[in-house]
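Take a look at the structure below.
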Amino acid sequence: MRNVNKDNITEVFMGYLGANTDPRLREVMGSLVRHLHDFAREVNLTHEEWNIGIRFLERAGEISDEERHEFVLLSDVLGLSSLVDMINNRPEGTSSSVLGPFHISGSPPLAVGGDMRRDYAETVLLVEGVVKDPDGKPISGATLDIWQTAPNGMYSSQDPDQDTYSFHGLQTVGEDGRYAFTTVKPVEYTVPSDGPVGDILRACGRHPWRPSHLHFIAEAAGFRPLVTEVFAEDDPYLDQDTVFGVRKDLVMHYEERPAGSFPSTGFALSGKVPDAYLRVEFDLTLVPA
Ligand code: BEZ
Ligand code: FE
């Protein structure tokens, strides 16, 4: 096409797609390019602005490696990761939420009632619930991959002072579907803001904070895997999560339990917690595959 102009360029692009282009690719690519073209026309994009955008993408590529995923972070702070989550969410199950970049595979087994708090002095937090199907039936043998920040707000992979699997555990539930473990309350923390995504946050007058949360990946044969998080209802950042991960059904009350009331059996810490502690109950509903 030699008569390309700013009004027909989107159609010309579509016409360049080969006849054998996968139909879904045609749909996704066509829509993406249409929105990109509309965006440039709508804001009258200048060369200078286009260059800033290209340089931004180059910097995101340069800073990314096996452990740092700046494009995922970009998607997170733009709300795209959460939007994809919500588009694919099934209402009969627990809401999904962002995976984030700090999940590591190979977490050590954590028995039901096991402890992730270890030597940390912070108040004990008891977390328990049931993994179930949408009819409320427990899912025997479901696994929960659990991870969270240490009290200093860092995940083990960010913190040379923590063991690789500090505050990480893999729990397999029994026939009753019940999971339970002790830990410390996670704390709010900032997403990495020393790269180009941090520059965007600052330029837009945004902060990098996430409300405190526990991460879970729940899996069971015959069910859709669920990647989710649990938040505390009193967290100051609950209504301004910089990655848009909070959903109503993921916000839980952390109940203050009095000294001397910790369960006397069933936990690694039974008999060792004389003081007041916190407890949160959170059931996970998985949807059949
Ligand atoms: C996280 O929850 O670990 C996380 C999610 C998105 C970006 C950064 C961190
Ligand atoms: Fe997190």
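Residue numbers (the working numbering): -13 to 275.
Even glycine gets a Cβ: it sits at the ideal position worked out from N, Cα and C.
Since the structure is predicted, the reported quantities are computational estimates derived from the model, not experimental observations.
Discussion item. Using the three-state DSSP reduction, which class does M140 fall into: helix, strand or coil?
Written reply: DSSP places M140 in coil when its eight states are reduced to three.
Item to complete: Only counting runs of 4 or more residues, tell me where the alpha helix (DSSP H) segments fall wholly within the stretch -8 to 74, in order along the chain.
Response: With a minimum length of 4 residues, the continuous alpha helix (DSSP H) runs that stay inside the stretch -8 to 74 are -5 to 2, 9 to 29, 33 to 49, 56 to 63 and 66 to 73.
Worksheet entry | Element boundaries [alpha helix (DSSP H), containing R188] | P182 to A189 is the span of the alpha helix (DSSP H), which, as asked, contains R188.
Worksheet item: Just checking, does the stretch 107 to 126 make contact with the stretch 163 to 170 on the three C-beta pairs under 8 Å criterion?
Response: Output reads yes: the stretch 163 to 170 touches the stretch 107 to 126.
Item to complete: Per DSSP, which residues does P274 bridge with? Please list them.
Response: For P274, which the question treats as bridged, DSSP gives the partners F209.
Discussion item. Tell me the rounded alpha-carbon separation between G231 and M(-13).
Written reply: Computed Cα separation, rounded: 45 Å.
Item to complete: Give me the Cα-Cα distance between H199 and L130, rounded to the nearest whole angstrom.
Response: About 15 Å.
Worksheet item: Going by Cα to Cα distance, which pick from A5, D261, T228 and S256 is closest to R243?
Response: Selected option, being the one with the closest Cα: D261.
Worksheet item: Candidates V19, R10 and L212: which alpha carbon is nearest D119's?
Response: Taking only the C-alpha atoms, the option nearest D119 is L212.
Worksheet item: Between G100 and Q157, what straight-line distance do the alpha-carbon atoms span, to the nearest angstrom?
Response: Between G100 and Q157, the C-alpha separation is close to 9 Å.
Fill in: C-alpha distance - G163 paired with A128, whole-angstrom precision
Near 7 Å, if we compare the C-alpha coordinates of A128 and G163.
Worksheet item: Where does K118 sit, in a helix, a strand or coil, going by DSSP?
Response: Correct three-state label for K118: strand.
Worksheet item: With distances taken between CB atoms, is the gap from A206 to V117 smaller than 8 Å?
Response: In contact: A206 and V117 (Cβ atoms closer than 8 Å).
Worksheet item: In this structure, what does DSSP give as the bridge partners for L224?
Response: DSSP, once it has assigned bridges, lists no residue as partnering L224.
Worksheet item: So, are the CB atoms of S93 and G139 less than 8 Å apart?
Response: Contact: no.
Worksheet entry | Residues of its chain near M238, where Cβ-Cβ distance is below 8 Å and the 5 sequence neighbours each way are ignored | If we look at M238 and ignore the five residues flanking it on each side, its Cβ neighbours are V216, F217, A218, E219, V266, E267 and F268.
Worksheet item: For the putative contact between D149 and S143, defined by C-beta atoms under 8 Å, what is the C-beta separation to the nearest angstrom?
Response: With a Cβ gap of about 11 Å, D149 and S143 do not count as contacting.
Worksheet item: Any idea what DSSP makes of L236, helix, strand or coil?
Response: L236 falls in the helix class under three-state DSSP.
Worksheet item: From D221 to E174, what does the alpha carbon distance come to, in whole angstroms?
Response: If you take the alpha carbons of D221 and E174, they lie about 8 Å apart.
Worksheet entry | Given H21 as reference, the closest of Y106, H33, I(-5) and F42 once Cα atoms are compared | Nearest of Y106, H33, I(-5) and F42 to H21, Cα basis: I(-5).
Practice prompt. Out of K258, S82 and L270, point me to the one whose CA is closest to T109's CA.
Written response: Per the Cα distances, K258.
Worksheet item: If you run the structure through DSSP and keep just helix, strand and coil, what is T150?
Response: Three-state result, T150: coil.
Worksheet item: Do S330 and A136 have their C-beta atoms closer together than 8 Å?
Response: With the chain represented from -13 up to 275, any question about residue 330 goes unanswered, as that position is not in the structure.
Worksheet item: CB of V84 to nearest heavy atom of ligand 1: below 7 Å?
Response: Indeed, a heavy atom of ligand 1 lies less than 7 Å from the Cβ.
Worksheet item: DSSP on F248, reduced to helix/strand/coil?
Response: Look at F248 here: in three-state DSSP terms it is coil, with no helix or strand label.
Worksheet item: For T129, does the three-state DSSP call read helix, strand or coil?
Response: Correct three-state label for T129: strand.
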